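Here the structure comes first, spelled out in structure tokens, and everything after it is commentary.
In the working numbering, the protein residues as written are 305 to 728.
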């Protein structure tokens with residue numbers, strides 16, 4: 305939104321948050337008289353995304369539809385050729401490719417596909433070297449002050465998201481992040497964005513980095529700016545147990561961090577090694593303990609149903625979630641995302657068809673790539689994980705005792721209702 309707002313009049317329509325049906329969303333776009341729509345699509349909702357975009361294009365054939373998303377990480381030209389409603393695909397949303405396309409300067413684009421005179425034009429180049437800095441204008445946060453937005457770890461509303469880096473330098477083979485090219489924004493630029501946010505009255509931020517804390521020198525500088533500037537914002541981030549240490553966590557706490565998410569994935573050391581997680585269970589225990597010691601709440605994310613998983617390994621993972629004593633746990637079904645080595649292996653081993661695109665890690669619609677677990681058994685194990693972790697009397701009483709605000713209580717009530725729905 306920051307790049308686009310400098311060149312065009314823009315608006316934001318979030319049909320899910322505003323509970324708009326397809327007809328209502330199309331009407332809002334029509335009322336805005338949009339010349340172009342920039343949207344994100346996903347393997348989770350690809351079928352319905354495509355149906356909506358097809359209707360949108362038929363409603364106004366002159367309008368350009370520009371898409372971005374994980375669907376296009378594998379065989380993008382084939383998928384693009386089959387999507388008559390999409391006019392262009394951008395692969396690097398932090399670049400200026402979308403601006404070049406909208407200004408009819410496509411020859412300047414570096415990583416995108418677009419249609420011209422009935423043919424597909426491919427413009428692909430190497431991503432910048434890993435670890436390089438990038439800059440971008442401050443996003444138009446005021447367009448996203450939607451009261452319907454919810455974030456389970458937010459202590460204040462409204463909240464917003466901020467990016468300090470993009471991509472990931474680590475090599476986990478179930479994740480697409482390491483293929484995106486790791487880049488970061490300078491600490492001073494991010495700090496200016498945070499100042500802008502506070503002027504809008506926003507006191508809660510989710511740092512949406514795939515690995516907050518990198519590079520270390522830049523993160524330390526940002527945290528020091530936040531502390532000296534007394535921004536009075538609370539925030540959450542996602543990091544790795546081998547990226548943050550006690551000194552970093554202490555600085556984060558002083559800068560307003562109240563919750564940190566760590567990818568644990570599995571309690572099986574063999575599985576962690578196979579998928580190149582690069583962390584041991586001992587290191588995980590240490591990071592959770594130190595975070596708790598400095599006063600930061602922890603979230604552990606876990607993957608159930610990897611090809612090597614069986615009932616015993618999943619039960620071991622459930623036990624480990626309780627052993628590390630994280631404040632929250634997210635149990636996700638293994639998803640072979642396009643562009644990942646996990647997907648390549650699943651196709652090669654006959655666990656999925658190459659044409660299979662739609663997968664959902666939340667468990668609402670389970671497909672399994674496990675060699676040892678049926679989707680029914682995997683679904684039962686996920687429900688068991690949620691029950692065993694969240695419905696312990698000690699866990700419930702502990703969280704009730706730590707509540708500090710009405711908004712926090714209401715958010716926990718909503719989450720509790722969602723958990724009950726998840727296991728019934």
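Note that CB positions come from ideal geometry on N, CA and C, so glycine has one too.
Source: prediction; values computed, not measured.
- Sequence-distant Cβ neighbours of residue 308 in its own chain, meaning closer than 6 Å and more than five residues away, are 314.
- By alpha-carbon distance to residue 523, the top candidate from 535, 495 and 507 is 495.
- Spatial neighbours of residue 678 in its own chain (CB-CB distance under 8 Å, excluding positions within 5 residues in sequence) are listed in chain order as 672.
- Residue 415: not part of any alpha helix (DSSP H); DSSP gives it neither H nor E.
- Take the alpha-carbon of residue 541 and the one of residue 478: they are about 20 Å apart.
- The C-beta distance from residue 395 to residue 435 rounds to 19 Å, too long to fall under 8 Å, and the pair is not in contact.
- Looking at the DSSP output, residue 563 shares a beta bridge with 540 and 601.
- The beta carbon of residue 363 sits closer than 6 Å to the beta carbons of 330 from its chain, once the five residues preceding and following it are set aside; these are given in chain order.
- Membership of residue 393 in the beta strand (DSSP E) is indicated by the continuous run 392-394.
- Residues of the same chain with a CB within less than 7 Å of the CB of residue 391, apart from the 5 flanking positions on each side, are 368, 369, 370, 418 and 419 in chain order.
- Within the region 576-661, the runs of beta strand (DSSP E) at least 3 residues long that lie entirely inside it are, in chain order, 601-608 and 632-637.
- Excluding residues up to 5 positions away in sequence, 470 and 471 lie with their Cβ nearer than 7 Å to the Cβ of residue 484 in the same chain.
- Here DSSP, grouped into helix, strand and coil, assigns residue 433 to coil.
- For residue 696, no beta strand (DSSP E) encloses it, and the DSSP letter there is neither H nor E.
- If you ignore the 5 residues before and after residue 345, its C-beta comes within less than 6 Å of the C-beta of 353, 371, 373 and 375, all in its own chain and listed in chain order.
- Per DSSP, reduced to three states, the secondary structure at residue 691 is helical.
- Secondary structure of residue 488 (DSSP, three-state): strand.
- Pairwise C-beta distances place the region 627-637 in contact with the region 597-613, as three or more of them are shorter than 8 Å.
- Nearest to residue 724 by alpha-carbon distance, out of 703, 701, 692 and 706, is 692.
- In the structure shown, the three-state DSSP call for residue 362 is helix.
- A distance of 8 Å or more separates the beta carbons of residue 547 and residue 448.
- In the DSSP assignment, residue 423 falls within the beta strand (DSSP E) that extends over 423-427.
- Beta-bridge partners assigned by DSSP to residue 389: none are found.
- Three or more beta-carbon pairs separated by less than 8 Å are not found between the region 423-430 and the region 447-462, which leaves the two stretches without contact.
- In the three-state scheme derived from DSSP, where H, G and I count as helix and E and B as strand, residue 373 is classed as strand.
- With fewer than 16 other Cβ atoms from the protein chains shown falling within 10 Å of its own Cβ, residue 728 counts as exposed.
- Between residue 401 and residue 413, the beta carbon gap of about 4 Å places them in contact (Cβ cut-off 8 Å).
- Contact annotation: residue 535 and residue 563 have beta-carbon atoms that are not nearer than 8 Å.
- Per DSSP, residue 523 is one residue of the alpha helix (DSSP H) stretching across 520-533.
- Between residue 467 and residue 489, the C-beta gap is smaller than 8 Å, which places the two residues in contact.
- If you draw a straight line from the Cα of residue 530 to the Cα of residue 700, it comes to about 33 Å.
- Inter-segment contact for the region 635-650 and the region 606-624 is present: three or more beta-carbon pairs are separated by less than 8 Å.
- Rounded to the nearest whole angstrom, the C-alpha separation of residue 567 and residue 592 is 11 Å.
- Residue 509 is bridged by DSSP to 464 and 539.
- By the neighbour-count criterion, in which 16 or more other beta carbons inside 10 Å mark a residue as buried, residue 513 falls on the buried side.
- Counting every other CB atom within 10 Å of its CB across the protein chains shown gives residue 707 a total below 16, marking it as exposed.
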